[in-house]
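Chemist: Sharing a structure, written as C-alpha cells. Questions coming.
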C-alpha cells in the first residue's frame, strides 16, 4: 500500500523551524519524506511524503505537533491564502489502496487532530459529503482573519473539533484527492488569443472537461504561447484526450502543437493509459508492467 | 539494482524435481522467484527470478547444483532443442543497472559454473564478443547429441570450462540481453497474405527493423490475421515506431489496425516511451514517474 500525502504548513521564512518539521517526519517509520520546499513570499512550506496508512498518519500528527507549537497565525503574514498552521492535508491513493481507504484515513486523522490539539477540522474534496465544502477555495475563503465569524454562521460547523478557531493554529482542511498532473502544451505561435481560446474550450469552468483547469499564457523568452493545465483526475479525464482536443482546436486556427511537458511527478498509470490509447492495446493489465510485477 | 534472470532447465516432466529447484531458488536471500512453469512435451521448465547481482548469482548456482545432480541429458527426450541440463541463462537489466554490469555478471557466473561443476559454458547475446556465437540458435545447433563433435571443431572452444561436454549435463549458454517484449498487432482482415507481407517488411531478417522478429499468422476463431512479433530491444526499436509502420503498411492494402496486444510482461520504460512520442512530451525524465521517485 502506498499513500502520498502533501501537507501545506503556514511557515516559509524560518528554515530552522521548517527543517525541524522535516526531521520530525523523517523520524517516523513506515513513511518517507520525498521532498519539501518553502516559499518565503507565500510564507508557506509544502512537504511531500509517502508510505502506508499508519506511517503517513503518524507523520502528519508529528507535523501538527510541531506546527501547533511553532506557528502563530495571529502574527503570520504571507501572499498565499491560509486558514491554519497546518493549512491543508490531502491524502492521495497511489498503489494498492482505494480512494475510499484514503477518505477513511482523512477522517481518522481529522478526528485525532481535533481531539489531540483542539483544532477544528474541515473535510474536503473526496472526503467531504457536503457540496458546499468540497473545494478548498470555498472552505478557505475569508482566511484565518475571518474564521471566527465564518464558523459562527450556518453551515460552517467543522467536521471535527471545537466550533471556534484554535487561538494560534486556526483550523485545518484535511481530505483525499486524486494525484494532480501539471501538464502544459506549447503551441507554435505567439498568438496569446489562441492559447486563451483553447484553454477556455477544455477547462471545466467554461464548459470543457470535468477534471481540467487551464489558462493560456505567453512564454515571452521563447516567443510562443502555452496552454498551462492542472489535470485533477487522470483516470476520468486522461492526458491523451486533453492532448488530442488541444491539437484539434489548434488546427482550427492553423496552429501546430510544438511539444508538451509534464511538470513534476506523474503516476505511471497516467502514461500507460496514453500508450494503451495510441497503440490500441486491448486487454492490458497493470500487472503486465514488469516493475509492478517485481514489486507486488 | 534490479536484474531479471530467466534460466531454462531441461526437465519438465517430474514436478517434484522442478519444485525442488524452485525451493532451492526461494531459499536464497536477495532474490525473488517471480514465476516458474514446466512444459511436459518440451520436457523443459522456465524460471523467472529477480534481485540484485549477488542474489541472482547465488540462485543460479543453486539451480545448477540441483540440475546437475538430477538431470541426465543422455536419457532426456523433448521437443525443444537443448544443449545442457541448465540449458540457457540470460541476465536482463531492469533498473539501476547497466547492460555492461549484466555482461560482467554473466561472465562471473559462467566462470564459476565451469570451475565448480566442470560444465563448459558458452557466452551469448550481449555477453559474446564473437559474432558467430551471439545467437542462441547458432550455439545450440546440433544439440546435446552433437555437442562432443561440435566442440572438437574449430571455433567452438567454450568461453569457460573443459573442452568436452559434461557427461550428463552437457554445456550451458549464459549471457545478457535486453528484456523481450511479445507484441502482436491484429488486422481487420482475414487476408493472411497481408499479415505476412507486413511481417516481412518490418522484421530484421528480411530488411526491416533491427530488433524485430515477426511473422504473419491467422487467428482462425476470430476470422482475422495477426502480425506476431518479438521486440528484442525496445530502446533501439521502440514499440511506437513498429506500430506506426505496421499501420502505414496496412493502409497500403486498405486494411485497418483492429488492436494490438502485449503478451506477458513489459518494462515501464517501453510504455513511457510511447506516451512521450504521441504526446510530444519534451524533456521528460524517468524520475518524474511517481512510482520511480517513491522507490528510488
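Protein chains in written order, with this note's numbering: chain A, 1 to 296; chain B, 1001 to 1296. Glycine residues also receive a C-beta, built at the ideal position from the N, C-alpha and C atoms.
At a cut of 8 Å, does the region 2 to 17 of chain A reach the region 44 to 59 of chain A through at least three beta carbon pairs?
Modeler: In short, these stretches touch, since the Cβ pair count reaches three.
Chemist: Provide the residue span of the alpha helix (DSSP H) that contains residue 135 of chain A, from first to last.
Modeler: Premise fails: residue 135 of chain A is in no alpha helix (DSSP H) and is neither H nor E.
Chemist: Indicate the three-state DSSP secondary structure (helix, strand or coil) for residue 68 of chain A in the structure shown.
Modeler: Helix.
Chemist: Along chain C, which residues have their Cβ under 7 Å away from the Cβ of residue 1233 of chain B?
Modeler: Among the protein chains in the structure shown, which are A and B, there is no chain C.
Chemist: So with CB distances below 8 Å, who are the chain A contacts of residue 1260 of chain B?
Modeler: Per Cβ cutoff of 8 Å: 279, 280, 281, 282.
Chemist: Taking only beta-carbon atoms, is residue 1006 of chain B less than 8 Å away from chain A?
Modeler: No, its Cβ sits nowhere closer than 8 Å to a Cβ of chain A.
Chemist: Listing by chain order, which chain B residues have their CB less than 7 Å from the CB of residue 314 of chain A?
Modeler: Lying outside 1 to 296, the shown extent of chain A, residue 314 of chain A is not represented and no answer is given.
Chemist: Might you give, ordered along the chain, the residues of its own chain that have their beta carbon closer than 6 Å to the beta carbon of residue 1274 of chain B, omitting 5 neighbours on each side?
Modeler: Within the same chain, residue 1274 of chain B has close Cβ partners 1239, 1240.
Chemist: May I ask you to verify whether the region 81 to 92 of chain A touches the region 127 to 140 of chain A, counting CB pairs closer than 8 Å and requiring at least 3?
Modeler: Contact holds: three or more Cβ-Cβ distances are below 8 Å.
Chemist: Output needed in chain order: residues of the region 203 to 231 of chain A with a Cβ under 9 Å from some Cβ in chain B.
Modeler: Taking 9 Å as the Cβ-Cβ cut-off against chain B, none of the residues of the region 203 to 231 of chain A qualify.
Chemist: Report back the beta-carbon spacing between residue 31 of chain A and residue 59 of chain A to the nearest angstrom; my notes put them in contact at under 8 Å.
Modeler: With a Cβ gap of about 5 Å, residue 31 of chain A and residue 59 of chain A count as contacting.
Chemist: Out of A:21, A:29, A:27, which one is the CA nearest neighbour of residue 37 of chain A?
Modeler: Ranking A:21, A:29, A:27 by Cα distance to residue 37 of chain A puts A:21 first.
Chemist: Which residue comes first and which comes last in the alpha helix (DSSP H) that contains residue 1002 of chain B?
Modeler: Counting along the chain, residue 1002 of chain B falls outside any alpha helix (DSSP H), though it belongs to the beta strand (DSSP E) covering 1002 to 1005.
Chemist: Under the assumption that residue 79 of chain A contacts residue 41 of chain A (Cβ atoms under 8 Å), give the Cβ distance between them as a whole number of angstroms.
Modeler: At roughly 5 Å, the Cβ-Cβ gap stays under 8 Å, so residue 79 of chain A and residue 41 of chain A are in contact.
Chemist: Could you tell me which residues DSSP puts in a beta bridge with residue 1197 of chain B?
Modeler: Answer is none; residue 1197 of chain B lacks a bridge partner.
Chemist: Using a Cβ cut-off of 8 Å, which residues of the region 21 to 53 of chain A contact any Cβ in chain B, in chain order?
Modeler: Answer in chain order: 32, 34, 50.
Chemist: How about residue 116 of chain A and residue 57 of chain A: do their beta carbons lie closer than 8 Å?
Modeler: Result no, Cβ atoms of residue 116 of chain A and residue 57 of chain A do not sit closer than 8 Å.
Chemist: Taking all protein chains shown into account, do 16 or more other C-beta atoms lie within 10 angstroms of the C-beta of residue 1131 of chain B, making it buried, or fewer, making it exposed?
Modeler: Residue 1131 of chain B is exposed by the Cβ-count criterion.
Chemist: Ignoring anything shorter than 3 residues or poking outside the region 1158 to 1218 of chain B, list the beta strand (DSSP E) runs there in chain order.
Modeler: Listed in chain order, they are 1172 to 1176, 1181 to 1187.
Chemist: Is residue 117 of chain A helix, strand or coil when you go by DSSP?
Modeler: Correct three-state label for residue 117 of chain A: helix.
Chemist: State buried or exposed for residue 1177 of chain B, treating a residue as buried only when at least 16 other CB atoms are found within 10 Å of its CB.
Modeler: Flag for residue 1177 of chain B reads buried.
Chemist: Closest Cβ-Cβ distance between residue 1056 of chain B and chain A: below 8 Å?
Modeler: Residue 1056 of chain B does not count as touching chain A.
Chemist: Output needed in chain order: residues of the region 87 to 102 of chain A with a Cβ under 8 Å from some Cβ in chain B.
Modeler: Listed by position, the residues of the region 87 to 102 of chain A near chain B (Cβ gap below 8 Å) are 94, 95.
Chemist: Along the chain, where does the beta strand (DSSP E) that runs through residue 48 of chain A open and close?
Modeler: Residue 48 of chain A -> beta strand (DSSP E) spans 44 to 51.
Chemist: As an exercise, report each continuous alpha helix (DSSP H) stretch of at least 4 residues that is fully enclosed by the region 212 to 270 of chain A, in chain order.
Modeler: Listed in chain order, the complete alpha helix (DSSP H) runs (minimum 4 residues) inside the region 212 to 270 of chain A are 239 to 251.
Chemist: Which residue wins for smallest C-alpha separation from residue 1293 of chain B, given the options A:94, A:15, A:14?
Modeler: The option with the nearest alpha carbon to residue 1293 of chain B is A:94.
Chemist: Going along the chain, which residues of its own chain have a beta-carbon closer than 8 Å to the beta-carbon of residue 269 of chain A, five neighbours each way excluded?
Modeler: Here the set comprises 234, 235, 286.
Chemist: Could you check whether residue 174 of chain A and residue 121 of chain A sit closer than 8 Å to each other, using their CB atoms as the reference points?
Modeler: Result yes, Cβ atoms of residue 121 of chain A and residue 174 of chain A sit closer than 8 Å.
Chemist: Using the three-state DSSP reduction, which class does residue 1073 of chain B fall into: helix, strand or coil?
Modeler: Coil.
Chemist: Does residue 25 of chain A come out as helix, strand or coil in the three-state DSSP assignment?
Modeler: Helix, per DSSP.
Chemist: Given that residue 288 of chain A touches chain B, what residues does it touch there, using C-beta distances under 9 Å?
Modeler: Result: 1262, 1263, 1264, 1265, 1266.
Chemist: Give a yes or no on whether the C-beta atoms belonging to residue 1216 of chain B and residue 1188 of chain B are separated by under 8 Å.
Modeler: Going by C-beta atoms, residue 1216 of chain B is not nearer than 8 Å to residue 1188 of chain B.
Chemist: Report, in whole angstroms, the separation of the C-beta atoms of residue 1159 of chain B and residue 1123 of chain B, which I expect to be a contact under 8 Å.
Modeler: Indeed, because the Cβ distance is near 5 Å, the residues count as touching under 8 Å.
Chemist: Are the region 248 to 262 of chain A and the region 180 to 187 of chain A touching by the rule of at least three beta carbon pairs closer than 8 Å?
Modeler: As far as the Cβ criterion goes, the region 248 to 262 of chain A touches the region 180 to 187 of chain A, which means the pair count is three or higher.
Chemist: Where do the ends of the beta strand (DSSP E) carrying residue 34 of chain A lie?
Modeler: Looking at the DSSP string, the run of the beta strand (DSSP E) that includes residue 34 of chain A is 31 to 39.
Chemist: Can you name the residues of chain B whose CB is closer than 9 Å to the CB of residue 77 of chain A?
Modeler: Here the premise fails: no neighbours, minimum Cβ distance about 33 Å.
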